[in-house]
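Residue numbers (the working numbering): 1352 to 1700.
Beta carbons are placed, not taken as given, at the ideal position from N, Cα and C, and that holds for glycine.
Note that the coordinates shown come from a computational prediction; the quantities given were computed from them, not determined experimentally.
A quick write-up on the structure given underneath.
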Ligand SMILES: Nc1ncnc2c1ncn2[C@@H]1O[C@H](COP(=O)(O)OP(=O)(O)OP(=O)(O)O)[C@@H](O)[C@H]1O
Ligand SMILES: [Mg+2]
C-alpha cells in the first residue's frame, strides 16, 4: 500500500474534508453492487463540486444509462450536454454501441490484413463474429471509452465523475488496464520478432524494411500501448484518482464492497472511501409503521457491521428518502447530505 493510502485508511474524515484536503483529485469513480445507488452517489458528488464552483463532467459508463431519468432531462446521444438546473455541470451517457461497431470494423480490417500477410487462407469474418460476441468485447469498448474521457476531457474539467456499471465491470475496468499492458508488451515483442525474421528471410531487405515501417499491426499495438500506459498513470495516481464504494446497510452490498476494496488495492488504485446509502433515520422509524421500525432494527446490525469492517473509510451517510430520486432538486439535496456528514455524526442518522 502506498504511503498516501495508508494515511487515508487511518484518519476518519467526511467527504467534504476529504476532498478539500485532496484538492488535486480530478477523477472520481463510484462502484458497488447493482442498485445500491452508484448513479445517485455519482450525481451527488458531481453536483457537490459544481455547487462549489468547479467545472464538472458526470460520465455514465453503464451499458444501460440512467442519467437522463435521474436528472429528468435528455442527456442521451453520447455527447457532452449541459445539465439544466445545475450550473457548471455537464453530463454524458457514453455510447458504447458505436465503439463496439468501430471495434468490429477495425478488427475486420486488421484481421484480413494479417491473414493475407501471413498467407493464411481463411476468411476474417469467421473470427470477427466470435471475437465480437465475447462479453469482454463490450467491456473493453467501455474501458476504451473511459480512457478517451480520462485523456481527452481531463484538461477541460476540474472534476470528472464516472458512474460505472456493476462491481465486476468497474474492477475489470481497472484490472483490464494492467492486463492490457502486459498483453501488449508480449504482442509487441512477438511482432518485433516476426518482423525481424521477415527481414532476415527476405532477398530484398530494403523492400522488407519498407513494408515493416508501414506495418499497421505494429502501429496499432504501439498506439494502444501508449494509451494504456497513460491511462495507468492516471488511474494509479492517488493524487488524481479516487474510487468511492457505495453500499446499503445490507449484507450482500457490504460484502461486495469488502471484496472490492481488496481487489482495488491490488491494482494500486486509491480508495476514496465508502458511501453508505439508504439509511433509515431514527426519527422516521419512530413515527413510522411497524414495518419501518422492523427495517430500522434490521439495519442496525448492518451499520454495526460496516462500522466494524470499514468504519474509518466511511466518508458519507445518505438517508433513505421518502421517494425515489428524480430531478435536480433532489440531486442537490444528496450533494448536501453527502457533504455535510462528518464521522462525529456516526452511521446512525
Ligand atoms: N437514498 C435513497 N433514497 C431513496 N431512493 C434511493 C436512494 N438511493 C437510491 N435510491 C433509488 O434507488 C434506485 C437505484 O439507485 P441507482 O440507480 O443510483 O443505483 P445504481 O447502483 O446506480 O444501480 P445500477 O447498478 O442499476 O446502476 C433508484 O431508483 C434511486 O432513485
Ligand atoms: Mg447506475
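Residue i, enclosing beta strand (DSSP E) - first and last residue
i            : result
residue 1396 : Element bounds for residue 1396: not the beta strand (DSSP E) but the alpha helix (DSSP H), 1389-1402.
residue 1407 : 1407-1411
residue 1673 : It is not in any beta strand (DSSP E) - residue 1673 carries neither H nor E in the DSSP assignment.
residue 1628 : 1622-1630
Length of the line joining the Cα atoms of residue i and residue j
i            : j            : result
residue 1684 : residue 1451 : 37 Å
residue 1570 : residue 1454 : 16 Å
residue 1698 : residue 1659 : 11 Å
residue 1463 : residue 1546 : 18 Å
residue 1422 : residue 1598 : 21 Å
residue 1408 : residue 1551 : 52 Å
residue 1654 : residue 1665 : 11 Å
residue 1469 : residue 1540 : 17 Å
residue 1437 : residue 1614 : 35 Å
residue 1497 : residue 1445 : 9 Å
residue 1427 : residue 1374 : 30 Å
residue 1352 : residue 1616 : Note that residue 1352 scores 46 on pLDDT, short of 50, meaning its location in the model is unreliable; the coordinates nonetheless yield the value given after this. The straight-line gap from Cα to Cα measures roughly 7 Å.
residue 1459 : residue 1474 : 10 Å
residue 1638 : residue 1672 : 15 Å
residue 1650 : residue 1628 : 11 Å
CB-CB length for residue i against residue j, believed under 8 Å
i            : j            : result
residue 1594 : residue 1382 : 6 Å
residue 1363 : residue 1694 : 4 Å
residue 1635 : residue 1576 : No, residue 1635 and residue 1576 are not in contact; Cβ-Cβ is about 54 Å, not under 8 Å.
residue 1657 : residue 1620 : Contact doesn't hold; Cβ gap of about 21 Å is too wide.
residue 1393 : residue 1514 : 4 Å
residue 1379 : residue 1512 : 5 Å
residue 1465 : residue 1568 : 6 Å
heavy atom of ligand 2 below 7 Å from residue i C-beta
i            : result
residue 1372 : no
residue 1497 : no
residue 1419 : no
residue 1413 : yes
residue 1566 : no
residue 1571 : no
residue 1514 : yes
Any non-hydrogen atom of ligand 1 within 7 Å of residue i CB
i            : result
residue 1628 : yes
residue 1490 : no
residue 1389 : yes
residue 1669 : yes
residue 1672 : yes
residue 1680 : no
residue 1443 : no
CA nearest to the CA of residue i, picked from the options
i            : options                   : result
residue 1442 : 1458, 1434 and 1448       : 1434
residue 1384 : 1596, 1396 and 1582       : 1596
residue 1493 : 1392, 1367, 1603 and 1413 : 1413
residue 1644 : 1618, 1630 and 1657       : 1630
residue 1669 : 1388, 1369, 1368 and 1511 : 1388
residue 1591 : 1674, 1506 and 1543       : 1506
residue 1510 : 1572, 1395 and 1647       : 1395
residue 1419 : 1676, 1369 and 1628       : 1676
residue 1431 : 1647, 1609 and 1508       : 1508
Residue i - containing alpha helix (DSSP H), residue span
i            : result
residue 1452 : 1447-1468
residue 1444 : From DSSP, residue 1444 is part of no alpha helix (DSSP H) but of the beta strand (DSSP E) over 1440-1444.
residue 1293 : Within the shown structure, residues of the chain are numbered from 1352 to 1700, placing residue 1293 beyond reach of any answer.
residue 1576 : 1567-1586
residue 1434 : Unbroken run through residue 1434: none, as it is neither H nor E.
Minimum Cβ-Cβ distance from residue i to chain D less than 8 Å
i            : result
residue 1614 : Chain labels in this structure do not include chain D; a single protein chain is all it has.
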